[in-house]
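When you number the sequence shown by numbering that gives the first Met the number 0, it's gap-free, plus one each residue, and the end is 90.
Idealized CB from N, CA, C, for every residue including glycine.
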Amino acid sequence: MHGFGGRFQPEADQVTLAHLKSGQSGTVVDIQGGRRMTDRLNALGIFPGKKITKTSAMLMQGPVTIEVDRVEVAIGFGMASKVMVKPDRAP
């Protein structure tokens, strides 16, 4: 459900970046955050249509490390939870 007051309902084949498996790649499809968070992620090269790879995550909702354009960046778990990703299919 889209729109004011509703919650975004992800497609069945989408997961949050926080829930993507380590080592798994995918394509960013949406960012569920405000303008400041979206601008911050865009500055890191994370935006809809961008291919990313989750390289690692800490236990207990710690930072999530991802690779974007051959550069590793770390973002907080809360921020990663708002980035919707369509995982690549396994070969």
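Thinking residue i and residue j are a contact (beta carbons under 8 Å), I'd like their distance in whole angstroms, please.
{"i": "D29", "j": "P47", "result": "6 Å"}
{"i": "A56", "j": "S80", "result": "At roughly 11 Å, the Cβ-Cβ gap does not stay under 8 Å, so A56 and S80 are not in contact."}
What's the gap between the Cα of residue i and the Cα of residue j?
{"i": "M0", "j": "L19", "result": "With a pLDDT of 37 at M0, under the threshold of 50, the modelled position of this residue cannot be trusted; read the value that follows with caution. Cα to Cα, the separation comes out at about 23 Å."}
{"i": "I74", "j": "D38", "result": "13 Å"}
{"i": "T54", "j": "G32", "result": "22 Å"}
Using a Cβ-Cβ cutoff of less than 6 Å, which residues in the same chain neighbour residue i once the five nearest sequence positions on both sides are dropped?
{"i": "K49", "result": "V27"}
{"i": "G44", "result": "V67, D68"}
CB residue i to CB residue j, shorter than 8 Å?
{"i": "S24", "j": "T52", "result": "yes"}
{"i": "L40", "j": "V82", "result": "yes"}
Using C-beta distances below 7 Å, list every residue in its chain close to residue i, excluding the 5 sequence neighbours before and after it, in chain order.
{"i": "P86", "result": "V14, L19, Q23, G25"}
Which same chain residues, not among the five before or five after residue i, have their C-beta less than 8 Å away from its C-beta?
{"i": "D12", "result": "K85, P86"}
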